[in-house]
Amino acid sequence: MYVKIDGLSATNSSDEKDDVTKTLANVQEATGQTDRDQRTRLMRAFNTPFFPDILVCSEVMGEGVDLHRYCRYVIHHDLAWNPSQIEQRTGRVDRLGCKAENRHSIHVYLPYVAGASDERQFRVMRDREQWFRIVMGQDEVTKLIPNDDAGCRPNLPQQFVDQLSFNLEI
């Protein structure tokens, strides 16, 4: 998800969701089912200071796409085992010529459910990134990526966990 604005929230009741939808009316989606012309229009529009404010994308916008002009936030709602895939996605926004970065730095978020499999996946990905940095000759890797995840990755709020959870019992 690529975001140009502040103040996002998630809610539980349908009335609150309708209010949020009205407030965040400039949310668009780009997936493999979105036709190529529409994806191109979304990409061009997202690179303006106008609409959409939030662009939710699947892997279809993961490579070969420039979304860097006004975007300041990247929220990865899924992880890859390979850190280069996360870097590739983030690279859609974190580029030379990013107008948003002139005023504010770009923020990248990797929310997760504590104690779930994605936490393990994050640790594996982080360890692979550390090894890559060591192999490439960077000496002080542990200072760049602390062992304590608390500063690296925010815990997903319980209301999100509840909304995303489902019962797999037979």
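Residue numbers (my numbering): 13 to 182.
For each residue, glycine too, the CB sits at the ideal point set by N, CA and C.
Which of the three DSSP states, helix, strand or coil, is assigned to residue 128?
Counting from one through the sequence shown, the residue named residue 128 turns up at place 116. Reduced to three states, the DSSP call for residue 128 is coil.
Can you find the residues in the same chain that come closer than 6 Å, C-beta to C-beta, to residue 159, ignoring five residues on each side of it along the sequence?
Counted from its first residue, the sequence shown places residue 159 at position 147. Its pLDDT being 46, under 50, residue 159 is placed unreliably by the model, and the measurement read from it follows with that caveat. So the list is empty, once near-sequence residues are dropped.
Would you say the beta carbon of residue 181 is closer than 7 Å to some non-hydrogen atom of the ligand NAP?
Among the components modelled here there is no ligand, and therefore nothing to report on the ligand NAP.
Could you spell out the range, first to last residue, of the alpha helix (DSSP H) harbouring residue 66?
Along the sequence shown, read from residue 1 onward, the residue named residue 66 stands at position 54. Where residue 66 is concerned, there is no enclosing alpha helix (DSSP H), although the beta strand (DSSP E) it sits in stretches over 66–69.
In chain order, what residues of the same chain have a beta carbon less than 6 Å from the beta carbon of residue 120, not counting five sequence neighbours either side?
Translated into positions along the sequence shown, residue 120 becomes position 108. Only 86, 102 meet the Cβ criterion.
Cβ-based burial, residue 3 [other Cβ within 10 Å; buried from 16]
This structure cannot settle anything about residue 3, because the visible part of the chain is limited to 13 through 182.
Is residue 122 near residue 91, with beta carbons less than 8 Å apart?
Here residue 122 refers to the residue found at position 110 of the sequence shown. Here residue 91 refers to the residue found at position 79 of the sequence shown. Going by C-beta atoms, residue 122 is nearer than 8 Å to residue 91.
Name the one or two DSSP bridge partners that residue 41 has.
Position 29 of the sequence shown, counted from the start, is the residue given in the question as residue 41. According to DSSP, which records beta bridges pairwise, residue 41 is partnered with 68.
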